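S.K.: The opening residue of the sequence shown carries number 0 in numbering that gives the first Met the number 0; numbering runs sequentially from there.
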Amino acid sequence: MSTFLFDSRDDRCKTPFGAVPTDDVVTFRVFLPISYQLREPALLVYKADRWDSPERIPMHYEASDGVSCSYTCIFYSPDPQLYFYLFEVAGVNGKMRIARDQDGFGVLLPQGGEMWQLTVYDKAMRAPEFMKNGILYQIFPDRFCASGGAKSGVPSDRRLHRDWYELPEYLPDRNGEVTNSDYFGGDLRGITQKLTYLKSMGVGTIYLNPIFEAHSNHRYNTADFLRIDPLLGTEEDLRELCARAKALGIRVILDGVFNHTGADSVYFNKKRRYGNGGAYNDPQSPYRSWYEFTNYPNGYQSWWGFQELPNLNERDPSYGEFICGENGVLRKWLADGISGWRLDVADELPDEFLDRVAACVKGADPDAAVIGEVWEDASTKVAYGIRRRYFLGGQLDSVMNYPFRDAIIAYVRHGDCNRLYSTLLSILEHYPKPVLDVLMNSLSTHDIERAITALAGEPISGGRDWQAHNNTLSPEKYALGKKLFMLASVIQYMLPGVPCLYYGDEAGLYGYKDPFNRTCYPWGREDPELIQFFRTLGAIRSGCPALSSGSFSAVSFTPEVVSFLRDCGGESYYVAVNRTPSEQPAVLPMEFKDAAVLYGSLGADGLLPPYGAAILVLR
0 MSTFLFDSRD DRCKTPFGAV PTDDVVTFRV FLPISYQLRE PALLVYKADR
50 WDSPERIPMH YEASDGVSCS YTCIFYSPDP QLYFYLFEVA GVNGKMRIAR
100 DQDGFGVLLP QGGEMWQLTV YDKAMRAPEF MKNGILYQIF PDRFCASGGA
150 KSGVPSDRRL HRDWYELPEY LPDRNGEVTN SDYFGGDLRG ITQKLTYLKS
200 MGVGTIYLNP IFEAHSNHRY NTADFLRIDP LLGTEEDLRE LCARAKALGI
250 RVILDGVFNH TGADSVYFNK KRRYGNGGAY NDPQSPYRSW YEFTNYPNGY
300 QSWWGFQELP NLNERDPSYG EFICGENGVL RKWLADGISG WRLDVADELP
350 DEFLDRVAAC VKGADPDAAV IGEVWEDAST KVAYGIRRRY FLGGQLDSVM
400 NYPFRDAIIA YVRHGDCNRL YSTLLSILEH YPKPVLDVLM NSLSTHDIER
450 AITALAGEPI SGGRDWQAHN NTLSPEKYAL GKKLFMLASV IQYMLPGVPC
500 LYYGDEAGLY GYKDPFNRTC YPWGREDPEL IQFFRTLGAI RSGCPALSSG
550 SFSAVSFTPE VVSFLRDCGG ESYYVAVNRT PSEQPAVLPM EFKDAAVLYG
600 SLGADGLLPP YGAAILVLR
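(1) Buried or exposed, going by whether 16 or more other CB atoms sit within 10 Å of the CB of residue 15?
(2) DSSP three-state call for residue 434: helix, strand or coil?
(3) Leaving out the 5 sequence neighbours to the left and right, which residues in its chain are closer than 6 Å to residue 139 when beta-carbon positions are compared?
(4) Where residue 525 and residue 194 are concerned, what is the direct C-alpha to C-alpha distance, given to the nearest angstrom?
(5) Would you mind stating whether residue 575 and residue 538 have Cβ atoms separated by less than 8 Å?
(6) Hey, residue 241 and residue 256 are a contact pair by Cβ (cut 8 Å); roughly how many whole angstroms apart?
(7) If we count the other Cβ atoms within 10 Å of its Cβ and call it buried at 16 or more, is residue 589 buried or exposed?
(8) Let me confirm a value: residue 355 is counted as buried when at least 16 other C-beta atoms fall within 10 Å, else exposed. Which label applies?
(9) Flag this pair as touching only if the region 89 to 100 and the region 31 to 50 have three or more C-beta atom pairs under 8 Å; answer yes or no.
(10) List in chain order: all unbroken beta strand (DSSP E) runs of 3+ residues lying wholly within the region 510 to 548.
(11) Return the CA-CA distance between residue 181 and residue 216, expressed in angstroms with no decimal places.
(12) Using 10 angstroms around the beta-carbon of residue 293, count the other beta-carbons present and answer buried if the total reaches 16, otherwise exposed.
(13) For residue 172, collect the residues of the same chain with a Cβ closer than 7 Å to its Cβ; drop the 5 residues on either side in sequence, then sort them by chain order.
(14) Determine the DSSP secondary structure at residue 573, reduced to helix, strand or coil.
(15) Using CA atoms only, rank isn't needed, just tell me which of 556, 23, 114 and 65 is closest to residue 78.
(16) Over the uninterrupted beta strand (DSSP E) stretch that includes residue 71, give me the two end residues.
(17) When the distance is taken between beta carbons, is residue 109 closer than 8 Å to residue 70?
(18) Based on DSSP bridge pairs, tell me the residues matched to residue 59.
(19) How far does the beta strand (DSSP E) with residue 207 in it extend, from its first residue to its last?
(20) Confirm, please, whether the CB-CB distance from residue 210 to residue 197 is below 8 Å.
(21) Would you list, in sequence order, the uninterrupted beta strand (DSSP E) runs of no fewer than 3 residues that lie entirely inside the region 389 to 419?
(22) Could you please give the first and the last residue of the uninterrupted alpha helix (DSSP H) stretch that includes residue 141?
(23) Alpha carbon to alpha carbon, how far is residue 290 from residue 213?
(24) Compute the distance between the beta-carbons of residue 129 and residue 520, then report whether it is under 8 Å.
(25) Classify residue 429 as buried or exposed, calling it buried when 16 or more other Cβ atoms lie within 10 Å of its own Cβ.
(26) Does residue 351 pass the burial test, meaning 16 or more other C-beta atoms within 10 Å, or should it be called exposed?
(27) Restricting to Cα atoms, I'd like to know which of 591, 496, 186 and 25 is closest to residue 620.
(28) In the DSSP assignment, the alpha helix (DSSP H) including residue 122 goes from what residue to what residue?
(29) Would you kindly check if the distance between the Cβ of residue 125 and the Cβ of residue 544 is under 8 Å?
(30) If you count every other CB in all the chains shown that lies within 10 Å of the CB of residue 314, and 16 or more means buried, which is it?
(31) For residue 299, which of 326, 320, 321 and 262 has the nearest alpha-carbon?
(32) Using 8 Å as the threshold, is the C-beta distance between residue 594 and residue 616 below it?
(33) Do three or more CB pairs link the region 508 to 515 to the region 554 to 574 at distances below 8 Å?
(34) Pull up the CB-CB distance for residue 440 and residue 484, whole angstroms please, since I reckon it's below 8 Å.
(35) Touching or not, the region 360 to 373 and the region 330 to 346, by the rule of three or more beta carbon pairs under 8 Å?
(36) Please name the residue, chosen from 76, 107 and 46, that lies closest to residue 31 on a Cα-to-Cα basis.
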């Protein structure tokens with residue numbers, strides 16, 4: 000390998016692998032081919048966005064094999080910081096650089112080039128331990144289970160469906176507006192009634208989409224942060240849900256929508272539902288400073304221009320105290336028994352607000368979770384021109400891991416093994432270990448099409464009318480989507496992090512984007528094969544909590560078969576998935592020849608069946 004220079008994922012070149020805590024020493028090693036006549040290598044380390052002043056660390060000769068000479072140096076940082084690095088060498092015609100090519104390997108260039116990333120995080124970071132136990136289950140509260148109990152205080156303008164199994168309304172009203180004002184009546188007591196079912200799926204954490212009073216079925220337009228929406232139940236219902244769940248080893252986290260409220264809210268009150276006060280009606284309102292008016296009262300900042308979602312000013316002291324204060328929103332609901340928060344649109348929350356949210360939550364419960372909605376690589380995210388520091392310490396414990404989801408779907412549907420491999424290794428290399436252990440790994444959510452549709456449906460090429468017309472899958476497409484979904488789920492459940500199951504996926508629900516991905520759980524009409532499949536996967540995850548944190552290594556990534564290993568504290572797992580309709584050979588490490596089969600099958604000849612998978616374990 001005379002042209003091998005550097006590979007950040009090879010322990011000959013960099014140890015330890017990936018992100019490191021503060022004060023940990025990182026050893027770098029480059030291999031310079033003797034024939035290239037290179038000398039005086041140095042490591043150039045840049046703080047993120049400070050590209051004019053790198054730290055230059057000379058590298059020292061170590062050894063030669065007659066083909067290449069190895070040079071080494073060390074680096075450490077006492078401060079949490081995002082770094083980028085490459086190498087400088089002296090060549091026969093002047094200085095050159097060893098930079099990163101598109102596959103992550105070192106390449107010799109006269110100038111420029113991509114850099115490798117090194118995340119140095121606060122060594123005090125700790126993952127919420129409860130999230131490592133079992134899977135995470137996401138519930139859209141209006142659509143999971145209706146207890147049938149009486150409700151009081153429900154606004155008279157709510158429209159309730161009579162048929163639990165019909166599609167949600169998707170057409171605009173006569174004014175051309177999509178109001179999301181139809182409801183099915185799912186509630187907190189209904190969730191409590193199904194806790195035993197959730198436990199049978201291996202659920203360790205329930206993530207609830209918003210439950211506070213709001214005047215839409217999705218409830219992302221909060222009307223009152225201090226009150227449970229009356230159609231969902233009462234504060235006592237939430238306390239009971241949390242208590243009964245905890246008795247079964249299940250925790251509950253809530254969706255915190257702190258970037259905006261509804262225009263129809265106690266705080267803004269544009270429709271005067273809450274009397275004559277509110278920031279929209281009264282310049283002297285105590286909530287006036289929470290909002291940014293450009294031309295009072297009708298000109299105001301709103302989320303992505305939606306006038307029904309006026310933006311909040313998170314830097315306002317009064318609003319900050321309301322959310323994060325000693326008697327604020329965060330502590331109130333933590334005291335009622337929840338175990339953490341998922342923060343909606345985290346990219347739009349300023350750093351100082353996230354700092355305060357995290358400090359408040361951890362101050363109330365050091366093991367509580369703070370999860371951010373971030374769609375990209377959150378370790379290096381730039382939002383609105385600002386480099387975010389989500390993972391350096393003191394902010395987020397985890398994020399919704401959409402990069403994994405997109406790569407898994409692309410592989411299982413299209414065979415894009417390069418994307419899957421590069422995405423997995425990139426996230427594993429960039430994210431702190433405490434974050435990796437509790438990454439929220441979903442295949443479906445309330446914001447994207449459900450997995451079966453993503454894997455077997457027509458690619459989206461239109462709006463709600465098109466999606467409604469194409470939403471129903473033929474029996475043949477459903478059967479294919481189901482097979483592919485099971486394969487995708489094997490990958491999802493066996494990767495580092497926490498598998499997140501979106502309610503109803505395990506029962507065979509499918510659908511395009513909102514509202515077709517928000518149909519009701521099909522109680523009594525579930526797909527029994529899928530139910531049993533997810534119970535099996537849930538039992539595997541619950542039976543080995545170390546799967547959330549064990550090491551990952553690739554065995555083989557091809558367009559037909561992907562296989563990898565997980566080493567978890569005395570146990571080793573081999574995972575292989577065949578995404579094709581024909582038998583395919585799997586690359587099986589010799590030590591797994593007589594391993595126990597936990598799921599699926601692998602023939603004596605090493606063949607995986609069509610659309611087949613296998614999970615093997617060595618103990």
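Glycine is no exception: its CB is placed at the ideal position from the N, C-alpha and C atoms.
Just so we're clear, the structure is a prediction, and the values are computed from it rather than from any experiment.
M.R.: Let me lay it out:
(1) Against the sequence shown, residue 15 aligns to sequence position 16. Per the 10 Å Cβ criterion, exposed.
(2) Within the sequence shown, the letter at position 435 stands for residue 434. Helix, per DSSP.
(3) Walking along the sequence shown from the start, residue 139 turns up at place 140. Excluding sequence neighbours, residue 139 sits near 208, 445 and 517.
(4) For this step, residue 525 is matched to residue 526 along the sequence shown. For this step, residue 194 is matched to residue 195 along the sequence shown. Their Cα atoms are separated by approximately 17 Å.
(5) Start at 1 with the first residue of the sequence shown, and residue 575 comes out as number 576. Start at 1 with the first residue of the sequence shown, and residue 538 comes out as number 539. It is not a contact, given that the beta carbons lie outside the stated cut-off.
(6) Locating residue 241 in the sequence shown gives position 242, where the first residue counts as 1. Locating residue 256 in the sequence shown gives position 257, where the first residue counts as 1. So it is not a contact: roughly 20 Å between Cβ atoms.
(7) For this step, residue 589 is matched to residue 590 along the sequence shown. That one is exposed.
(8) For the purposes of this step, residue 355 is taken as the residue at position 356 of the sequence shown. Burial call: buried.
(9) yes
(10) none
(11) Along the sequence shown, one-based indexing puts residue 181 at 182. Along the sequence shown, one-based indexing puts residue 216 at 217. When rounded, the distance between both Cα atoms is 6 Å.
(12) The sequence position of residue 293 within the sequence shown is 294, counting from 1. Label assigned to residue 293: exposed.
(13) Locating residue 172 in the sequence shown gives position 173, counting from the first residue. Only 178 meet the Cβ criterion.
(14) As a first step, residue 573 is located in the sequence shown; it is residue number 574 there, counting from the start. Three-state DSSP puts residue 573 in a strand.
(15) If you number the sequence shown from 1, residue 78 lands on position 79. Of 556, 23, 114 and 65, the residue nearest in Cα terms is 23.
(16) If you number the sequence shown from 1, residue 71 lands on position 72. Start and end: 67 to 74.
(17) Residue numbering aside, residue 70 sits at position 71 when the sequence shown is read from its first letter. Residue numbering aside, residue 109 sits at position 110 when the sequence shown is read from its first letter. Contact: no.
(18) Counting from one through the sequence shown, the residue named residue 59 turns up at place 60. Partner(s): 71.
(19) Here residue 207 corresponds to residue number 208 of the sequence shown, with the count starting at 1. Start and end: 202 to 207.
(20) For the purposes of this step, residue 197 is identified with residue 198 of the sequence shown, where counting begins at 1. For the purposes of this step, residue 210 is identified with residue 211 of the sequence shown, where counting begins at 1. The answer is no: Cβ separation not under 8 Å.
(21) none
(22) Along the sequence shown, one-based indexing puts residue 141 at 142. Segment: none, residue 141 is in no alpha helix (DSSP H) and carries neither H nor E.
(23) For the purposes of this step, residue 290 is taken as residue 291 along the sequence shown, with counting starting at 1. For the purposes of this step, residue 213 is taken as residue 214 along the sequence shown, with counting starting at 1. Cα to Cα, residue 290 sits roughly 18 Å from residue 213.
(24) As a first step, residue 129 is located in the sequence shown; it is residue number 130 there, counting from the start. As a first step, residue 520 is located in the sequence shown; it is residue number 521 there, counting from the start. The answer is no: Cβ separation not under 8 Å.
(25) The residue given as residue 429 occupies position 430 in the sequence shown. Classification of residue 429: buried, given that the 10 Å Cβ count is 16 or more.
(26) Taking the sequence shown and counting its residues from 1, one reaches residue 351 at position 352. That one is exposed.
(27) Nothing can be reported for residue 620, as the shown portion of the chain is limited to 0 through 618.
(28) For this step, residue 122 is matched to residue 123 along the sequence shown. Segment: none, residue 122 is in no alpha helix (DSSP H) and carries neither H nor E.
(29) In the sequence shown, counting from the first residue as 1, residue 544 sits at position 545. In the sequence shown, counting from the first residue as 1, residue 125 sits at position 126. No; because the gap between Cβ atoms is not below 8 Å, this pair is not in contact.
(30) The residue given as residue 314 occupies position 315 in the sequence shown. So residue 314 counts as exposed.
(31) As a first step, residue 299 must be located in the sequence shown, where it is residue number 300. Answer by Cα proximity: 262.
(32) Sequence index remark: in the sequence shown, residue 594 carries index 595 (1-based). Sequence index remark: in the sequence shown, residue 616 carries index 617 (1-based). Yes, they are a contact pair.
(33) no
(34) Numbered from 1 along the sequence shown, position 441 holds the residue referred to as residue 440. Numbered from 1 along the sequence shown, position 485 holds the residue referred to as residue 484. About 14 Å separates the two Cβ atoms, so there is no contact after all.
(35) yes
(36) On the sequence shown, residue 31 is found 32 positions in, with the first residue counted as 1. Checking every option, the nearest Cα to that of residue 31 belongs to 107.
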